[in-house]
Amino acid sequence: TGEISPLLPSSCRYVPTCSQYSMQAYKKYGVAKGTILTAWRLCHCNPLGGHGYDPPRWFGEEELPKQ
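Quick note: the sequence shown uses the UniProt record's numbering, first residue 1, plus one each step.
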């Protein structure tokens, strides 16, 4: 599936998982912004962080309405 850690059980608090988020961020925003977004997400991916649906968006970018 192209995940960064395929041998570990799925335990991410977010959708998409951190691995999927990272791949989407690099594809959508390129290397520089993708790296920044991935680092930002990893800082929040912990027991004290958030959870739920969190697609890659650049800072200040509006969220698309759910269909």
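For each residue, glycine too, the CB sits at the ideal point set by N, CA and C. Quick caveat: nothing in here was measured; it's all calculated off a predicted structure.
Rounded separation between residue i and residue j - CA only
| i | j | result |
| --- | --- | --- |
| tryptophan 58 | tyrosine 26 | 12 angstroms |
| cysteine 43 | cysteine 18 | 11 angstroms |
| threonine 1 | tyrosine 14 | Since pLDDT at threonine 1 reaches only 48, below the 50 mark, its modelled position is unreliable, and the value read off the structure follows with that caveat. Near 17 angstroms, if we compare the C-alpha coordinates of tyrosine 14 and threonine 1. |
| isoleucine 36 | glutamate 61 | 15 angstroms |
| glutamine 24 | valine 31 | 11 angstroms |
| proline 16 | tyrosine 29 | 16 angstroms |
| tyrosine 53 | cysteine 45 | 13 angstroms |
Contact check, residue i vs residue j, beta carbons under 7 angstroms
| i | j | result |
| --- | --- | --- |
| proline 47 | tyrosine 21 | no |
Cβ-based burial, residue i [other Cβ within 10 Å; buried from 16]
| i | result |
| --- | --- |
| glycine 34 | buried |
Where the alpha helix (DSSP H) through residue i begins and ends
| i | result |
| --- | --- |
| leucine 37 | 18 to 44 |
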